[in-house]
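A short worksheet on the structure shown next.
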Amino acid sequence: MGLTIREMLRAEFFKDFKVIAGQGGLDKQIQGIAILDAPDGYKWTKGREFVISSGYVFQQHPRLFEEYINSDIFREISGMGIKLDRYLKTIPDYITDVFNEYNIPLINIPMGPSWMEIMNQLNVLVMNKNIRQFRIGNINPKSFSNLNYQSRKINKILSQMEGEMNFPAMLYDLSSEKAYYSSPTFLELLEDIQIGDFWNPTIEVTKEILCDNLKMIRYRFYDDKYDKPYSWITVPITVGDKIKAYFVVVEATGLIDYFDQFALRIGFLLLQSLYEQILVAQSIGDIGFEKFITEIISDNLSDDEIIAKRAIDLGLDINLNYYLILMKQERKEAHLVSYKNELKEAVSSSISHMEARMAMIDDNRCVFLLPIDNRISRKENLKLNEKIS
């Protein structure tokens, strides 16, 4: 979803742009700009553009305007703007009648604004609109380990993405092996494609790099059962130098328009930022959790009420029951603390779905706090913990 003609005209920059005809189409969506100053230029438009012209081409080719408005291509545009009083002094009634018939706004563009200014102002309006609609707020530090909280943030971004672009989206988290969908439409469009094919295709596809820096790639799958190539866009979510998730938008047999790519990039940046915020919040939480555990072990923290408050501040659910597992390094020539980052990575990839917490208590010992799953028996919980260990 780009910007409507009505939204454009409400902006300060466009206040002197006047509608001459086609007032019934002010809610048409603009998905790009095309400049018409060549006799055959209109043949290169694809639809939903705001077509702008100085009028010179129509002055030089008197029959061109009538030819254009009677073409099928004309009916696909969102609106047209002409600098009147430059080359065309008036627009004949038979021309404006066609604009009214098809509800395509015809707008008089003032003499002052350049084509570049018009394009830049439209880009700014679309970008600002997308930023307002995608505002989801920062991660609450007290909720960083709450997977339901994280899921709500992800689902909100994805649903807004689909609402803005009309294309379904998915985020696949690699550590939890969990897929988040903008709506059931994504699954309906899967056809015979497997989830992993979206970033590591096992089928024959073509690749188009949309943004090299972001590693944003459009894949296209050609098959006789589709009228057009089946396509999707994939972007990896990377924190540090490791891919944490894949962001996928399924175009199926359509293609995202120009202004929709703004929404695509903003949605990606929000998901990227979300993962980075979670990582920072988890790092802060790890330090707080280690201090919390150390103080309890050293008997510097013994008051039940204070312990409960500190636990809540760290995002722990005091209404749950937990297992506390101690890991100890026996070999004297090695120190467990030297492998802290590797251990955390291994733990998060194995048990991220369990909201586990880890704390080093000295150079060779660490503890894991694992919530008990009340949906299964004590024996099954113990088996699960043994498997993880």
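Counting from 1, position 60 in the sequence shown corresponds to residue 63 in my numbering; the numbering is continuous, with no gaps. Glycine included, C-beta positions come from ideal geometry on N, C-alpha and C.
Quiz item: What does a CB cutoff of less than 6 Å around Glu-79 pick up in its chain, not counting 5 residues either side in sequence?
Solution: Only residues of its own chain outside the window of five on either side were considered, and among them Gly-50 have a CB closer than 6 Å to the CB of Glu-79, listed in chain order.
Quiz item: Distance, Cα to Cα, Ile-76 vs Asp-96?
Solution: Their Cα atoms are separated by approximately 21 Å.
Quiz prompt | Whether Gly-28 touches Ile-107 by CB criterion (9 Å) | solution = Between Gly-28 and Ile-107, the gap from beta carbon to beta carbon is short of 9 Å.
Quiz item: For Val-127, which beta-bridge partners are listed by DSSP?
Solution: Val-127 has no beta-bridge partner at all, per DSSP.
Quiz item: Under three-state DSSP, which class holds Asn-111?
Solution: DSSP, reduced to helix, strand and coil, places Asn-111 within a strand of the structure shown.
Quiz item: Looking only at its own chain, which residues have a Cβ that is under 8 Å from the Cβ of Glu-293, when we skip the five neighbours before and after it?
Solution: Residues of the same chain with a CB within less than 8 Å of the CB of Glu-293, apart from the 5 flanking positions on each side, are Ala-362, Met-363, Ile-364 in chain order.
Practice problem: Determine the direct distance from the alpha carbon of Val-252 to that of Thr-188, and round the result to whole angstroms. | Solution: Straight-line Cα distance between these residues: approximately 11 Å.
Quiz item: Thinking just about the alpha-carbon of each residue, which of Leu-323, Leu-327, Tyr-278, Asp-320 is nearest to the one in Ile-300?
Solution: Closest in C-alpha terms to Ile-300, from the list Leu-323, Leu-327, Tyr-278, Asp-320, comes Leu-327.
Quiz item: Since Arg-360 sits in a beta bridge, which residues does DSSP pair it with?
Solution: Its beta-bridge partners are Leu-372.
Quiz item: Roughly how many angstroms lie between the CA atoms of Asp-215 and Pro-171, to the nearest whole one?
Solution: Distance between Asp-215 and Pro-171, taken at the CA atoms: about 23 Å.
Quiz item: Rounded to a whole number of angstroms, what is the C-alpha to C-alpha distance between Lys-159 and Glu-165?
Solution: Roughly 10 Å between the two C-alpha positions.
Practice problem: Assess, as a yes-or-no matter, whether the stretch 58-78 is touched by the stretch 8-22 under the definition of 3 or more beta carbon pairs within less than 8 Å. | Solution: Per the Cβ contact rule, the stretch 8-22 is not in contact with the stretch 58-78 (fewer than 3 Cβ pairs under 8 Å).
Quiz item: Taking the DSSP output, what are the residues bridged to Phe-250?
Solution: Phe-250 pairs with Leu-174, Val-238.
Quiz item: Where Tyr-45 and Asp-176 are concerned, what is the direct C-alpha to C-alpha distance, given to the nearest angstrom?
Solution: Spanning the two alpha carbons is a distance of roughly 45 Å.
Quiz prompt | Nonlocal neighbours in the same chain, by C-beta distance under 6 Å from Val-340, ignoring five residues either side | solution = Sequence-distant partners of Val-340 (beyond 5 residues in either direction) whose C-beta falls short of 6 Å from its own C-beta, in its chain, are Met-363, Asp-366.
Exercise. Mind reading off the beta-carbon distance from Val-101 to Ile-72? Whole number of angstroms is fine, and I expect it under 8 Å.
Key: The Cβ separation is near 4 Å, so the contact holds.
Quiz item: Can you round the beta-carbon distance between Phe-311 and Ile-321 to whole angstroms, since I take them to be within the 8 Å contact cut?
Solution: According to the sequence as given, residue 311 is Ala; it is not Phe. Going by Cβ atoms, the distance from Ala-311 to Ile-321 rounds to 5 Å, so yes, they are a contact pair.
Quiz item: Going straight from the alpha carbon of Leu-372 to that of Tyr-152, what length do you get?
Solution: Between the alpha carbons of Leu-372 and Tyr-152 lies a gap of roughly 20 Å.
Quiz item: How many Å lie between Ser-148 and Lys-218 at the Cα?
Solution: Because the pLDDT at Ser-148 is just 49, under 50, the model does not fix this residue reliably, and the value given afterwards should be weighed accordingly. Approximately 29 Å, taken between the alpha carbons.
Quiz prompt | Same chain only: Cβ atoms within 6 Å of Leu-109, ignoring 5 sequence neighbours per side | solution = For Leu-109, where only same-chain residues beyond five positions count, the Cβ hits under 6 Å are Ile-23, Ala-24, Gly-25, Met-83, Phe-102.
Self-check item: Proximity of Ser-57 and Ile-33 at Cβ, strictly below 9 Å
Solution: No, the Cβ-Cβ distance between Ser-57 and Ile-33 is not below 9 Å.
Quiz item: Looking at Leu-87 and Ile-94, is the spacing between their C-beta atoms short of 9 Å?
Solution: Yes. Within cutoff.
Exercise. Could you say if the stretch 192-210 and the stretch 224-240 meet the contact criterion of at least three C-beta pairs nearer than 8 Å?
Key: The stretch 192-210 vs the stretch 224-240: in contact.
Exercise. Run the CB neighbour count on Val-127, radius 10 Å, all protein chains shown included, and call it buried at 16 or more, exposed below.
Key: In the assembly as shown, Val-127 is an exposed residue. Its beta-carbon has fewer than 16 other beta-carbons within 10 Å.
Self-check item: Helix, strand or coil at Ala-266 according to DSSP, with G and I counted as helix
Solution: Helix at Ala-266.
Exercise. Please report the residue range of the beta strand (DSSP E) in which Thr-205 lies.
Key: Run containing Thr-205: none; DSSP gives neither H nor E here.
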